[in-house]
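Under my numbering, think of the first position of the sequence shown as 1, with each following residue one higher.
Even glycine gets a Cβ: it sits at the ideal position worked out from N, Cα and C.
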Amino acid sequence: MGRSVPGSQGGAGLPSRHGQRGFTLIELLLVLVILGILAAIVVPKFSGRTEQARITAAQSQIATFGTALDAFEVDNGHYPRGRDGLLDLVEQPRDARDWKGPYMRGDIPDDPWGRPYLYESPGRRNVSSYDLWSVGPDGQDGTDDDITNFQSSR
1 MGRSVPGSQG GAGLPSRHGQ RGFTLIELLL VLVILGILAA IVVPKFSGRT EQARITAAQS
61 QIATFGTALD AFEVDNGHYP RGRDGLLDLV EQPRDARDWK GPYMRGDIPD DPWGRPYLYE
121 SPGRRNVSSY DLWSVGPDGQ DGTDDDITNF QSSR
């Protein structure tokens, strides 16, 4: 029990710090620079995929709205009217005698950027039905990144 370990200091059994080498400040800074460069290369690739996923989610949600709006039209003989017509999918409007909804579960969701979808019936582009769109990533109506149920003429 009274044995001492070679290379140890005293009887604590801890290895000697003589002959060990730690990282220098230059080496640590070099590692941080390399990690920064890798992050600068990798992060934009993933953020682009995130934006594409949001666009795909908005397109899917517009298609889901379309199914609900078509069911409303079959039951009521017309699409919900006005800019607030999407609410008619979850709450019975006063003038809808044959409403068999709700046509969607829960509340009307916002687009993937947290903004409300825009709806008009009759539509300016789909004059016999409705226009439905998200203002897209830039948040500006009427720009090329809008996600719509109609073909843009821009």
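The shortest CA-to-CA distance from glutamine 140 to any of Ile62, Ser129, Pro122, Leu118 is the one to Leu118. Contact between the segment 80 to 94 and the segment 117 to 135 is present: three or more C-beta pairs spanning the two stretches fall below 8 Å. Alanine 63 counts as exposed, since fewer than 16 other beta carbons sit within 10 angstroms of its beta carbon. Judged by DSSP secondary structure, tyrosine 119 falls within the beta strand (DSSP E) whose first and last residues are 118 to 120.
Counting other Cβ atoms within 10 Å of its Cβ, valine 135 reaches 16 or more and is therefore classed as buried. Comparing C-alpha distances from isoleucine 108 to each of Gly123, Val90, Thr24, Gly114 shows the shortest one belongs to Val90. According to the DSSP assignment, serine 134 belongs to the beta strand (DSSP E) that extends over 131 to 134. Note that the C-beta distance between phenylalanine 72 and tryptophan 99 is below 9 Å. For arginine 105, same chain residues with a beta-carbon under 7 Å away, outside a window of 5 residues either side, do not exist.
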